[in-house]
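Using my numbering, you'd call the opening residue of the sequence shown number 1 and step up by one each time.
Note that CB positions come from ideal geometry on N, CA and C, so glycine has one too.
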Amino acid sequence: MIATAPTRHWQPIIQQLETIVGRNGIISSREERSVYECDGLASYRELPGLVVLPQTTEQVVEIVKLCDRHNIPFVARGSGTGLSGGAMPTEDCLLIVTARMNRILDVDFENQRVVVQPGVINAWVTQAVSGEGFYYAPDPSSQIICSIGGNIAENSGGVHCLKYGVTTNHVLGMKMVLPDGELIEVGSKIAETPGYDLTGLFVGSEGTLGIATEITLNITKTPEVVEVLLADFTSVEAAGTTVADIIAAGIIPAGMEIMDKLSINAVEDVVATNCYPRDAEAILLIELDGLGVEVSACSDRVQAICLNNGARAVTAAKDAEERLKFWKGRKAAFAAAGKLSPNYFVQDGVIPRTKLVSVLQDIEALSKKFGYAIANVFHAGDGNLHPLILYDESVPGAFEKVEELGGEILRLCVRAGGSISGEHGIGADKRCYMPDMFSATDLETMQWVRAAFNPKELANPGKVFPTPRTCGEAAHAHHHGTIEGIDLF
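If you want it as structure tokens, here you go:
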């Protein structure tokens, strides 16, 4: 879906922005703006009216105040790697790109804290502290390019979220610019503070409540021992059963990831790890960490569970280099899917671990019903599925059918007792499915929160919640109310 924004009279705004960020901090030509018309979900596009690149909190404050005075909608964007259209520009908006806000402001090893700007790349945090024996636990597959600000907006997870939690579990506090330009500080450098948990409220709010400009993160001590196991199976179902059995045995690995045969072969074609057996129907990657004696004992139990569930073999990485190879393939799985098909559409749903087998069978049935192959790569430990629907957008009507298939997978996750998002967020992609998971009262309550911080709906308008304009008849099928002119569904 490609749309072209109407032209606002931007010249007076450009002149005012130049006094804030300088001429080099503004992108106004159509050709240059087109670079920012979508995020990682490239199927949905909108040309921003103007792009501005601040470098400091003070500049963001002045930019947002300018938007408030002139009622200009704005969207914050980091590296643009999001997969739900959360950073896609909205009609005739000002796109505030935080890529130049890329400094690590403070490192406090004694208290295990770092303070960063939102444009800092996720992997840079670990690089900055690894020499002292620390790392930053949240590790999305895109961690070498995704930014902390984007991780904050979407509450991103990653391989290690099973044991160490998602982004919100590692954010202690933030400086936030509210949609009217006011600067507030939420949380602090200590783990517990009195009052409402505004830090938790802002993490995962997808830019609808403001822009984080300085973020205090918790860093984690590097474990004494890390071991990665690779188990290969003759069925995806057996791998799924193994995941549930490992957790049921009281073992919490740092991460557990499943890849099916399509993904395995795509990765080997592109990355050539030479670690993944091409004839396996599924592989299960299991990372164990902690004290040496603990890891050794857990490894023996995990290998026994894998073999009891039909694993043909369980291989332990022999050294750090091989561990990286095991994970390199998984981290490259989304990119490697481009080898399988001209296009793919990735979804992000969560189900209870105990439902893995039945839901994977249902996804296979949907694949056959719609006639589109689906590659499965997912965070098995916490039931976070990432089905990649393979298609060719040059075929008329293909994308519409793929969207429908993606929606059926999300509804399947909800029926199984899960969620329509685990880490990619709702954005523009999944807003129409919010009523499948939440009641009208639930959504109305969320809208009250948004209206308290963002009453003019200038911050990332049209995202997260369905409206008649964005969801048409699907939205009209649910209860309708208003708060000061804001549509509620």
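Looking at the backbone, the Cα of K369 and that of E404 are separated by about 12 Å.
Cα atoms of A254 and H379: separation of roughly 11 Å, rounded to the nearest angstrom.
The three-state secondary structure of F438, taken from DSSP, is coil. Looking only at I184, Q15, G85, C67, the smallest Cα-Cα distance to T470 is reached by G85. Contact annotation: the stretch 120-138 does not touch the stretch 230-237, with fewer than three C-beta pairs closer than 8 Å. With respect to A416, V359 sits close: the two C-beta atoms are nearer than 8 Å. The stretch 150-159 and the stretch 62-73 do not touch, with fewer than three beta-carbon pairs separated by less than 8 Å.
According to the DSSP assignment, T213 belongs to the beta strand (DSSP E) that extends over 211-218. Three or more beta-carbon pairs separated by less than 8 Å are not found between the stretch 277-291 and the stretch 189-198, which leaves the two stretches without contact.
For the pair F233 and A317, the CB atoms are not nearer than the 8 Å cut-off.
Comparing alpha carbon positions, the residue from L366, K331, V243 closest to T354 is V243. Beta-bridge annotation (DSSP): L183 is paired with V177. Judged by DSSP in its simplified three-state form, I190 adopts coil rather than helix or strand. For Y344, the secondary structure class from DSSP, reduced to helix, strand or coil, is strand. Within its own chain, the residues whose Cβ lies closer than 7 Å to the Cβ of L178, once the five positions on either side in sequence are excluded, are I184, G210, F453, listed in chain order. It is roughly 24 Å from the alpha-carbon of V51 to the alpha-carbon of N155. In this structure, DSSP gives N24 a helical state, which the three-state scheme calls helix. By the neighbour-count criterion, in which 16 or more other beta carbons inside 10 Å mark a residue as buried, N265 falls on the buried side.
Annotation: the continuous alpha helix (DSSP H) that includes I409 extends over 398-415.
Bridge partners of R8 according to DSSP: none are assigned.
The residues I251, L288, in chain order, have a CB closer than 7 Å to that of C298 in the same chain once the five nearest residues on each side in sequence are set aside.
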